[in-house]
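Asks: Line by line, the protein sequences give chains A and B. In this text, residue positions in the first sequence follow the numbering used here: the first is 7, and each later residue adds one. In this text, residue positions in the second sequence follow the numbering used here: the first is 7, and each later residue adds one.
Number of protein chains: 2
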Amino acid sequence: MVESAPARQRSWWGWGWADQALRASEIDALAPLVAAQLDTAVQRRDPVRVGDLDLRRPRIEAPAALRRICSTDPRERAGHAYGKSFRDVVRAFHGEVAAPPDVVARPGDETELASLLDWCGSNDVAVVPYGAGSSVVGGVETGGKWAEGYRAVVSVDLGGISGVLEVDRTSRAARIAGGTTGPDIEAQLRPHGLTLRHYPQSFEFSTLGGWIATRSGGHFATNRTHIEDFVESTRLLTPSGPMESRRLPGSGAGPSPDRLVAGSEGILGVITEAWMRLQERPVHKASASVRFADFDAGVEACRRLGQGSLWPTNCRLLDPSEAAANAGGSGEAILVLGFESAHEPVDGPMALALECCADAGGDVGAGVRVREQGTGEGGDGPVDAADAWRSSFMRAPYLRDAMVALGCIAETFETAVTWDRFADLHHSVTSTAEASLRSVCGGGTVSCRFTHVYPDGAAPYFTVLAASRHGEQLAMWDEVKSAVSEAIIDAGGTITHHHAVGRDHRQAYDRQRPELFAQALSAARRTLDPQGVMNPGVLVDP
Amino acid sequence: MVESAPARQRSWWGWGWADQALRASEIDALAPLVAAQLDTAVQRRDPVRVGDLDLRRPRIEAPAALRRICSTDPRERAGHAYGKSFRDVVRAFHGEVAAPPDVVARPGDETELASLLDWCGSNDVAVVPYGAGSSVVGGVETGGKWAEGYRAVVSVDLGGISGVLEVDRTSRAARIAGGTTGPDIEAQLRPHGLTLRHYPQSFEFSTLGGWIATRSGGHFATNRTHIEDFVESTRLLTPSGPMESRRLPGSGAGPSPDRLVAGSEGILGVITEAWMRLQERPVHKASASVRFADFDAGVEACRRLGQGSLWPTNCRLLDPSEAAANAGGSGEAILVLGFESAHEPVDGPMALALECCADAGGDVGAGVRVREQGTGEGGDGPVDAADAWRSSFMRAPYLRDAMVALGCIAETFETAVTWDRFADLHHSVTSTAEASLRSVCGGGTVSCRFTHVYPDGAAPYFTVLAASRHGEQLAMWDEVKSAVSEAIIDAGGTITHHHAVGRDHRQAYDRQRPELFAQALSAARRTLDPQGVMNPGVLVDP
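Here it is as structure tokens:
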């Protein structure tokens, strides 16, 4: 008799795995460091236990035919009430779960999903698609003003619609179910020698369908940066039926159906499958760190690299604060460069990239680390800035949760902007954030890094740390966030480069998108979702 | 006193410049060669003179306020009745211009264009946007069954909305008016040291707006192949007003507005401006020809190159017929490879690409020609297969017109398909075309080349030559075209990789696009064009 290991449990309130959260003792050890950095007293609190929540009773009951896939279990409902943004985690941590989904549904296939959408459409029940729940923009949140228009809200967990369904080795593509998580995709592609190589920070806790629905940004810092660049075709289950595009390597036949699906954030339907363009596993890798006296010099180097044709896989510029915190910097900006290829040696492009950096004033003395065939994904420990960065990158959200426990503010936001406007945007956003933090929190730090670099601009990513008080974190952060969002839009940026719009960015998005485009998108939505039940509150109102 | 040269005149019936058409004596010299190749008697006819046309009288008169920009001149109307496909040229050549536009309008700016759209919308007048008129898919055709629903048809020539309006050297981007032709774009960017590098075969006779509206494919055979890959933002003048997207290097904020505009073929409005991502002028260039014993071996080499990360600028595989006709081949397939860069030497990637070709069985003995800094666009004569190919490429449409004069059939069609289906598609399309040509024309030739190569597939481009008879060319070609279009869709291809859908591909497009997507697109269209006057007959019915 084989005893199966208990399934690893997700945190109901915080990021990721429950067993990966910092323990009370670890948070206590962190407390004095945080207090010193933020110059404030901090006090650890513990998250409300899910069993202690007094959730609103479900306002609707699933019909008999759907009962098997529907749950009203309190832990399920509480765990599906929010995504994993700072504002989500703060509320859940303190037990503020005012509007959990009435029902959590887990369809096992498209037929069950279609029945569920039918039922919701006929009963004025809002449908909130839930991939693996790590939205940081309110994309899976089940409460809010929008919900008042509905009889009830169902969170549809797509984890049951999972798996790599078909592999086409010749075209190097695979048909993958929408609910498949990052690790499952990679594990199932590995035997074929293939990889999608899409590694957002949420890799473990997000799904292919979620990536496409939110235009997720991933592994590649240049050239093909967003998941939709790797989409060959999509299958969207709408309340009006399935919409499936043809597998094509390229096409000029009318506007791309896949580009309407990409970024649709659930308002048009649920992405049940997609054919994805894959990579072979890289066997040539090189990474290097380049130091710059200041951020501006690093920015100029990134601009030149972005406008060349070397296409580095990594091109992450850390400002002096980020460099100090994550890559062993001491006052300089650090550019983490990486190249990888399954076919061709990468020492040539790396040498040219370093030459370009040196021309822009970079100190390339730290040298290049080249890993050749067979070394796989690394795993030889954090020996340089690139590894140090990767390690802290994956650990960051758990640390963010510890900051929540200490009553502080720790959050990120991101944008993209053309090079001509970058310096102004960076200055305006940073100074707005700092001023807002001073006025709201009495101070705090704002740091910046580039996640992606383009020929015509860059995607800066900001991290905010500030003192706060238990019970006031949410209101304080909302004020700061509102100010920086305005600053981003005013400075010509996008309200999101790869986190999506969700419910949290609606106000800024309404300023950003062309009004006629919103009307056209709404019209398309009415066709595919005539009852207006699909993920209300995001993008455009039903 | 300066005497200005007379403006060079476009052919009213055929391709390009009137003075570039083959003269009667040249066509007569060609006749015996064509007769021998097609094993048929051929007889030259001359095109109907535009003055001899008896055009239908205009059915509507422009209001006083618009009269300055509106023309009913017969040459203007005849010249705007068709695009430049084989079926267009045959009809015009023989004076079959049954449904010319009632009016040709030439707005000089967006205000005039808006007034024109208002007038058309209020008077049930169809609007056919006309860039520079080289559509080969019926995209600018002013007649057809669809036109019965309208009181009149206006062809809107956008040549007056032209110019590079603003250059952002830092971001390497420019704001360019929609009606700007290829040569004008390049001439106005050259002083800035910049180039768009979009060189479709129609380069001289097409515009930026037309390229975006049709998802034109251009210079780059790999990586970024279509014009929309270089679009930073768009401005669309719809009957409901302007829709302008934000300039962004990348974004994840909802579905891309620009990707709705790209491929919209005039049904949503007129593209009046776009910010385009540019290139610096390449100073490193290398080209080479690789010979393969057969087409299949060349296909395999292209697949491997497409799945690598070298991104050749040119990767055009010519089958033995094309190689013999255009690149001095004698029984083998020839792959024309090219690399270019403004920043980095290209000998490294070229060497790796040739290695890849040799591994796939290619004969790379012919060698590489490297051109370094300062040699510009070439111009040193057709000394190798690459140059021979380019020269015959630009000349081909004029030769096609000579074939029309000889009463033959000469036309091309193109698609894209994933690698796993390529061999079947190639076989099915070729054999369908050959069978159809045998039954309809008593024989003929079908040849194939790759225009673009992707990681997951290729874009094959087919050329057909066949005997026919004056007066029957159109019906005979239509029968062949219908058969090959069916074969393409049946084999999993797209009805167009870069020629667009237009009116000629509607039947196949209706099979290809998801039905729900067509409904969503129609709903978007009703929002932007409530009167349903914009380019009726293409993509989806108003």
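C-beta atoms are modelled at their ideal positions from N, C-alpha and C, and glycine is treated no differently. Predicted model only: the values in this text are computed from it and were never measured.
Take the Cβ of Phe226 (chain B) as the centre, count every other Cβ of all protein chains shown within 10 Å, and call the residue buried at 16 or more, exposed below.
Replies: Within the second sequence, numbered from 1, the residue matching residue 226 (chain B) stands at position 220. Classification of Phe226 (chain B): buried, given that the 10 Å Cβ count is 16 or more.
Asks: Go ahead and pull the three-state DSSP assignment for His290 (chain B).
Replies: Start at 1 with the first residue of the second sequence, and residue 290 (chain B) comes out as number 284. It is a strand residue.
Asks: Determine which residues of the stretch 450-464 of chain B have a Cβ less than 9 Å from any Cβ of chain A, and write them out in chain order.
Replies: Correct list: His458, Val459, Tyr460, Pro461, Asp462, Gly463 and Ala464.
Asks: Along the beta strand (DSSP E) that carries Gly135 (chain A), what are the first and last residues, could you check?
Replies: For this step, residue 135 (chain A) is matched to residue 129 along the first sequence. The sequence shown places Pro at residue 135 (chain A), not Gly. From DSSP, the beta strand (DSSP E) with Pro135 (chain A) extends over Val131 to Tyr136.
Asks: Buried or exposed for Glu154 (chain B), going by 16 or more other Cβ atoms inside 10 Å?
Replies: Along the second sequence, read from residue 1 onward, the residue named residue 154 (chain B) stands at position 148. Per the 10 Å Cβ criterion, exposed.
Asks: Mark Thr117 (chain B) as exposed unless 16 or more other C-beta atoms lie within 10 angstroms of its C-beta, in which case mark it buried.
Replies: The residue labelled residue 117 (chain B) in the question sits at position 111 within the second sequence. So Thr117 (chain B) counts as exposed.
Asks: Enumerate in chain order the residues of its own chain whose CB-to-CB distance from Ala489 (chain A) is below 6 Å, with the five nearest sequence positions on each side excluded.
Replies: What you label residue 489 (chain A) is simply residue 483 of the first sequence in a count that begins at 1. Counting only Cβ-Cβ distances below 6 Å, and skipping sequence neighbours, we find Thr438 and Ser442.
Asks: So, under 8 Å CB-CB, Val170 (chain A) and Thr186 (chain A) are touching, yes? Tell me the CB distance rounded to an integer number of Å.
Replies: Residue numbering aside, residue 170 (chain A) sits at position 164 when the first sequence is read from its first letter. Residue numbering aside, residue 186 (chain A) sits at position 180 when the first sequence is read from its first letter. Val170 (chain A) to Thr186 (chain A), Cβ: 7 Å. Contact.
Asks: Name the chain A residues that come within less than 7 Å of Gly223 (chain B), Cβ to Cβ?
Replies: For the purposes of this step, residue 223 (chain B) is taken as the residue at position 217 of the second sequence. Within chain A, the residues near Gly223 (chain B) are Gly258.
Asks: Could you spell out where the beta strand (DSSP E) holding Ser341 (chain A) opens and where it closes?
Replies: Along the first sequence, one-based indexing puts residue 341 (chain A) at 335. This sequence places Leu at residue 341 (chain A); Ser is not what is there. Segment Ala339 to Ser347, the beta strand (DSSP E) holding Leu341 (chain A).
Asks: Please list, in chain order, the residues of the stretch 230-246 of chain B that have any C-beta partner in chain A closer than 7 Å.
Replies: Cβ contacts with chain A: Thr231, His232, Glu238, Thr244 and Ser246.
Asks: Does Gly380 (chain A) come within less than 8 Å of chain B when only Cβ atoms are used?
Replies: On the first sequence, residue 380 (chain A) is found 374 positions in, with the first residue counted as 1. The predicted position of Gly380 (chain A) is uncertain, since its pLDDT is 41 and thus under 50; a value taken from the coordinates is nonetheless stated next. So, not an interface residue.
Asks: Quick one: any contact between the stretch 264-281 of chain B and the stretch 220-239 of chain B, if contact means 3 or more CB pairs under 8 Å?
Replies: Touching, yes, given that three or more Cβ pairs across the two stretches are closer than 8 Å.
Asks: By the three-class DSSP mapping on this structure, what secondary structure does Thr278 (chain B) have?
Replies: For the purposes of this step, residue 278 (chain B) is taken as the residue at position 272 of the second sequence. Residue state, collapsed to three classes: strand.
Asks: Below 8 Å on the Cβ atoms is my guess for Ala422 (chain A) versus Gly463 (chain A); work out the distance and round it to an integer in Å.
Replies: The residue you call residue 422 (chain A) lines up with position 416 of the first sequence. The residue you call residue 463 (chain A) lines up with position 457 of the first sequence. Right, the Cβ-Cβ distance comes to about 6 Å (below 8 Å), so this counts as a contact.
Asks: For Gln15 (chain B), is the classification buried or exposed, using 16 other Cβ atoms within 10 angstroms of its Cβ as the cut-off for buried?
Replies: To locate residue 15 (chain B), count along the second sequence from 1; it is residue 9. Looking at its Cβ environment, which holds fewer than 16 other Cβ atoms inside 10 Å, Gln15 (chain B) is exposed.
Asks: Cα separation between Ala47 (chain B) and Cys447 (chain B)?
Replies: On the second sequence, position 41 is the one that residue 47 (chain B) refers to. On the second sequence, position 441 is the one that residue 447 (chain B) refers to. If you take the alpha carbons of Ala47 (chain B) and Cys447 (chain B), they lie about 13 Å apart.
Asks: Establish whether the CB of Glu250 (chain B) and some CB of chain A are separated by less than 8 Å.
Replies: Working through the second sequence from its first residue, we reach residue 250 (chain B) at position 244. Yes - at least one Cβ of chain A is within 8 Å of the one on Glu250 (chain B).
Asks: Look at the Cβ atom of Ser239 (chain B), then the Cβ atom of Ser327 (chain B), and state whether they are nearer than 8 Å.
Replies: Numbered from 1 along the second sequence, position 233 holds the residue referred to as residue 239 (chain B). Numbered from 1 along the second sequence, position 321 holds the residue referred to as residue 327 (chain B). No, these two residues do not count as a Cβ contact at 8 Å.
Asks: Count the other CB atoms, across all protein chains shown, that sit within 10 Å of the CB of Asp300 (chain B); report buried if there are 16 or more and exposed otherwise.
Replies: The residue given as residue 300 (chain B) occupies position 294 in the second sequence. That one is exposed.
Asks: To the nearest angstrom, how far is it from the Cα of Ala303 (chain B) to the Cα of Pro466 (chain B)?
Replies: Position 297 of the second sequence, counting from 1, holds the residue named residue 303 (chain B). Position 460 of the second sequence, counting from 1, holds the residue named residue 466 (chain B). Their backbone Cα atoms lie some 15 Å apart in a straight line.
Asks: In the DSSP output, what is Glu102 (chain B) paired with across the bridge?
Replies: Residue mapping note: residue 102 (chain B) aligns to position 96 of the second sequence, counting from 1. In the DSSP output, where bridge partners are listed per residue, Glu102 (chain B) has none listed.
Asks: Let me see if you follow: with CB-CB separation under 8 Å, is Val289 (chain B) close to chain A or not?
Replies: Counting from one through the second sequence, the residue named residue 289 (chain B) turns up at place 283. Taking Cβ atoms only, chain A never reaches closer than 8 Å to Val289 (chain B), which makes this a no.
Asks: Val507 (chain B) touches chain C at which residues, Cβ-Cβ below 7 Å?
Replies: Although the question refers to chain C, the structure presented lacks it and instead comprises the protein chains A and B.
Asks: Along the stretch 513-539 of chain B, what residues have a CB closer than 9 Å to any CB found in chain A?
Replies: Result list: Ala514, Tyr515, Gln518, Arg519, Pro520, Glu521, Leu522, Phe523, Ala524, Gln525, Ala526, Leu527, Ser528, Ala529, Ala530, Arg531, Arg532, Thr533 and Leu534.
Asks: In this structure, does DSSP put Val490 (chain B) in helix, strand or coil?
Replies: The sequence position of residue 490 (chain B) within the second sequence is 484, counting from 1. Here Val490 (chain B) sits in helix by DSSP.
Asks: Determine the extent of the alpha helix (DSSP H) in which Ser437 (chain B) is found, giving its start and end residues.
Replies: On the second sequence, position 431 is the one that residue 437 (chain B) refers to. Element bounds for Ser437 (chain B): Trp425 to Cys447.
Asks: Using a Cβ-Cβ cut-off of 8 Å, state whether His503 (chain A) counts as contacting chain B.
Replies: Translated into positions along the first sequence, residue 503 (chain A) becomes position 497. Yes, because at least one Cβ of chain B sits closer than 8 Å to the Cβ of His503 (chain A).
Asks: Here's the rule: buried if 16 or more other CB atoms are within 10 angstroms of the residue's CB, otherwise exposed. What is Glu250 (chain A)?
Replies: For the purposes of this step, residue 250 (chain A) is taken as residue 244 along the first sequence, with counting starting at 1. Counting Cβ neighbours within 10 Å, Glu250 (chain A) comes out buried, since at least 16 surround it.
Asks: Can you give me the C-alpha to C-alpha distance between Gln313 (chain B) and Val173 (chain A), rounded to a whole angstrom?
Replies: For this step, residue 313 (chain B) is matched to residue 307 along the second sequence. For this step, residue 173 (chain A) is matched to residue 167 along the first sequence. When rounded, the distance between both Cα atoms is 16 Å.
Asks: Secondary structure at Met540 (chain A), three-state DSSP: helix, strand or coil?
Replies: In the first sequence, the residue the question calls residue 540 (chain A) occupies position 534. Three-state result, Met540 (chain A): strand.
Asks: Does any C-beta atom of chain B lie closer than 8 Å to the C-beta of Trp425 (chain A)?
Replies: The sequence position of residue 425 (chain A) within the first sequence is 419, counting from 1. So, interface residue.
Asks: By alpha-carbon positions, which one of B:Ala408, B:Ser128, B:Val470 and B:Gly188 ends up nearest to Pro536 (chain B)?
Replies: Counting from one through the second sequence, the residue named residue 536 (chain B) turns up at place 530. Residue B:Ser128 is the option with its Cα nearest to Pro536 (chain B).
Asks: Interface residues of chain A around Asp190 (chain B) at Cβ under 9 Å?
Replies: The residue labelled residue 190 (chain B) in the question sits at position 184 within the second sequence. The premise fails here: Asp190 (chain B) is roughly 22 Å from chain A at the closest Cβ pair, so nothing lies under 9 Å.
Asks: Between Gln313 (chain A) and chain B, is any beta-carbon pair separated by less than 8 Å?
Replies: Here residue 313 (chain A) corresponds to residue number 307 of the first sequence, with the count starting at 1. Gln313 (chain A) counts as touching chain B.
Asks: Looking at Arg297 (chain B): is its Cβ nearer than 8 Å to the Cβ of Ile340 (chain B)?
Replies: For the purposes of this step, residue 297 (chain B) is identified with residue 291 of the second sequence, where counting begins at 1. For the purposes of this step, residue 340 (chain B) is identified with residue 334 of the second sequence, where counting begins at 1. Cβ distance < 8 Å, so Arg297 (chain B) and Ile340 (chain B) count as in contact.
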